[in-house]
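Here is the structure we will look at.
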Amino acid sequence: MENSDFAKIFWDLAEFLELKNENRFKVAAYRKAAQNIESLSENLGTIYKAGGLKALEEIPGIGQGIATKIEKTIKSGKLDVYEKLRKEFPRGFLELVETPGMGPKTAMLLYKKLKIDSRAKLEKAAKEGKLQGLPGMGAKKEENILKGVELKKKISGRFLLNAALDQAEAVAKELEKLKEVEKILICGSLRRRKETIGDADILVIAKRSKNIMQRFTSLPQAQRILVKGETKSSIVLKMGMQVDLRVVEDKSFGSAAHYFTGCKAHNIKLREMAIKKGLKLSEYGFFKKDKWVAGRTEKEVFKTVGLTYIPPELREMRGEIEAAQKGKLPKLIESKDIKGDLHMHTIETDGSNTIEQMAQAAKKLGYEYIAITDHTQSTRIAHGMDEKRTLKHLKEIDRVNKKIQGIRVLKGAEVDILPDGRMDLPDSILKQMDLVIAAVHSNFKMPEDQMTRRILKALENKYVNILAHPTGRLIGEREAYKVDIEKVIAIAKKTKTALELNSHPQRLDLNDVNCRLAKDQGVLISINTDSHTTDQLNLMKYGIFTARRGWLEKKNILNALTLDKLLKILFAKR
DNA sequence: GCCGTTTTCGGCCCGACTGTTTTCAGTCG
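Residues in the first sequence are numbered consecutively from 0, following numbering that gives the first Met the number 0.
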């Protein structure tokens, strides 16, 4: 069982108990546990096997009750209370509650009065006007629920970070033109640079909000207004993403920015810490009794509860608060630390630019070096190189390297890892390169033990320097292949092989959690763009975002090394 | 159900918007 399967059980349990009007703190406790389980880097099953019930109870938000439920689930594969509740509510009931505008109270009301137990039935009843007239239900509420049903059909889940960021920035740019706007900041999961985004949160500092709200709700890219108030409005963009806008005064900038950036659990923790200090924290600031005392900047917010400044990417309740208390937060990697890009393609295989064009573009970015790493023969779809072409290509890189000044072009290739773990080119060819990237491009559906063996064997090859996109996932398109990532990290450490953090917004592979795992084991990460055009060299920022979410520092990054240090490490394995 | 340098019992984050309520419940973030 995956952690997400366990989490699902507790998310659902919370929902069921809420429907049954259980104690709301109990409901919240289940949700907190589900949340924490989702963000664990280690599998619950593994934790239980290693340390039993005690180890489970050490996870924040998990006590005796939930630990026992996890144990039961591991032992028997199911949880009786969960199964019982599932039978009590019809299938389709949860999607009813998840319809925007509906909540547990309304869902139960409609179920009891009208036997509505699915979203389809809800839509039908609303269209027939059967909802209005029930207690607390009028024509408007019925209309809203219908809108919610439609919205759910339209909003296609989550958006890739780059797409969401582009859209949010476009909205912010429009609002910035208004003279009332003093400051504007994109907050929420966008500011935390999560790999996928549910909705965008924009914070505006202004004294008067009326014009701003008017402009916001009438933007050309707006498709629907969800709510429109004095300090808070929400719209849905034509591309399907929801955007929330909040307007506050300047003296609340810090507390509002902090609040709208989240994550939720992190916020709650800070508010609890404020209470312990006799203060109340909201988006408007810290209050002693009813008197405002602080909140002008985020730094001030953290300082007031005794913490050093926590960068947005770390605010995920993954130990950042404890680290800030001890003054032990990492000094996160930044764009300026990156000295080169070690994974890119040219027209020799499936890229669009020449070696020289890639080198010139990289030079403009201020890089000290790049590596040209075209595909090898097995990746036929990319016109991969056989031995003969590879040798010719390496010579061509030498030629370009002599020709251009101010940047070093390293000779490399992205070599396929064959299903049996052998490399797609013989060692006699690999040894003529400065850098070898190994990658899985075929047979994704192997069983976990086979895939793990396959990759470990590649890492043991003394010419392999980097494992490209280590789990092979394409966000929203293809699941990661099954591989024991902890073993991969351990062997990467042993063999002095770096792991790639592929910067493409659809890959971001390794992900944040695994990056942190690799860091803790002392494995170097190479943040690469895997560019197929000169433009794509700019994708580096997404890799850096994810690296920061993984607590990575300059010293953890292979391509933050100067050229001579890099070369030393590349050849140290041979 | 979880949790504890104020606690093993009694707390548990805080506020905006909407609709239907005539003072507030429900939903959302």
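For every residue, glycine included, the Cβ atom is placed at its ideal position computed from N, Cα and C.
Where the beta strand (DSSP E) containing residue i begins and where it ends
i, result
"K512", "At residue 512 the sequence reads Val, which differs from the Lys that was named. Unbroken run through V512 is the alpha helix (DSSP H), D511 to D519; no beta strand (DSSP E)."
"A221", "A221 to K227"
"A437", "L434 to A438"
"A559", "Per DSSP, A559 belongs to no beta strand (DSSP E) and is neither H nor E."
"T345", "Careful: T345 lies outside any beta strand (DSSP E) and carries neither H nor E."
"V247", "Q241 to V247"
"K287", "G284 to K287"
Residue closest to residue i, alpha-carbon to alpha-carbon, out of the options
i, options, result
"I371", "K363, L341, A381 and M384", "L341"
"I8", "K486, Y81, F24 and A322", "Y81"
"V414", "I396, S441 and R317", "S441"
"E57", "K74, G76 and A32", "A32"
"I474", "P504, K486 and A491", "P504"
"R90", "K410, I526 and F15", "F15"
"K123", "G135, P134 and L109", "L109"
"S188", "I416, N513, P311 and L393", "P311"
"E1", "K481, R573, S530 and I556", "K481"
"R453", "K486, N464 and S427", "K486"
"E319", "A264, N161 and M343", "A264"
"L174", "Q222, D563 and R214", "R214"
"E168", "R157, R190 and K325", "R190"
"L557", "K456, A546, E478 and L523", "L523"
"E355", "M445, L409 and G383", "L409"
"G51", "L39, K71 and S38", "K71"
"D336", "E179, T45 and L562", "L562"
"I36", "M422, H344, E386 and A66", "A66"
"K19", "L93, Y47 and Y366", "L93"
C-beta atoms of residue i and residue j nearer than 8 angstroms
i, j, result
"A467", "I488", "no"
"S208", "E194", "no"
"A358", "I346", "no"
"S525", "A497", "yes"
"I224", "I211", "no"
"K518", "N464", "no"
"R515", "G549", "yes"
"L39", "L84", "no"
"T532", "S351", "yes"
"K227", "T216", "yes"
"V242", "V292", "no"
"T389", "I416", "no"
"K564", "I332", "no"
"V304", "S254", "no"
"L500", "T451", "no"
"L78", "K68", "yes"
Distance, residue j Cα to residue i Cα
i, j, result
"A119", "E127", "13 angstroms"
"S502", "L551", "14 angstroms"
"T105", "K112", "10 angstroms"
"M539", "M316", "26 angstroms"
"K139", "I115", "19 angstroms"
"F443", "Q131", "53 angstroms"
"A163", "I196", "7 angstroms"
"G62", "I73", "16 angstroms"
"E476", "R573", "37 angstroms"
"P418", "G471", "14 angstroms"
"Q431", "D483", "31 angstroms"
"K338", "K362", "10 angstroms"
"L160", "M238", "14 angstroms"
"N513", "R407", "30 angstroms"
"L569", "D4", "40 angstroms"
"I490", "G411", "22 angstroms"
"K495", "V96", "51 angstroms"
"T348", "P469", "21 angstroms"
"K250", "K231", "17 angstroms"
"G420", "A457", "5 angstroms"
"K578", "G64", "Outside the displayed span of the chain (0 to 573) sits residue 578, for which this structure offers no information."
"K307", "A323", "Looking at the sequence provided, one finds Thr at residue 307 rather than Lys. Each residue's Cα considered, the two are about 5 angstroms apart."
"T375", "Q404", "28 angstroms"
"E141", "L133", "10 angstroms"
"G383", "S377", "6 angstroms"
"I309", "L328", "8 angstroms"
"L393", "N400", "10 angstroms"
Alpha helix (DSSP H) segment containing residue i, residue limits
i, result
"T45", "L43 to E56"
"F88", "Element bounds for F88: n/a, residue is neither H nor E."
"A360", "I354 to K363"
"L580", "As shown, the chain starts at 0 and ends at 573. That puts residue 580 outside it, with no answer to give."
Check: Okay, do the stretch 253-260 and the stretch 278-287 touch, 3+ Cβ pairs below 8 angstroms being the bar?
Finding: They touch, by the three-pair rule.
Problem - the stretch 146-154 touching the stretch 93-103, judged by at least three CB pairs closer than 8 angstroms - result: yes
Practice item. Examine the Cβ distances between the stretch 165-183 and the stretch 193-202 and report whether three or more of them are shorter than 8 angstroms. Key: yes
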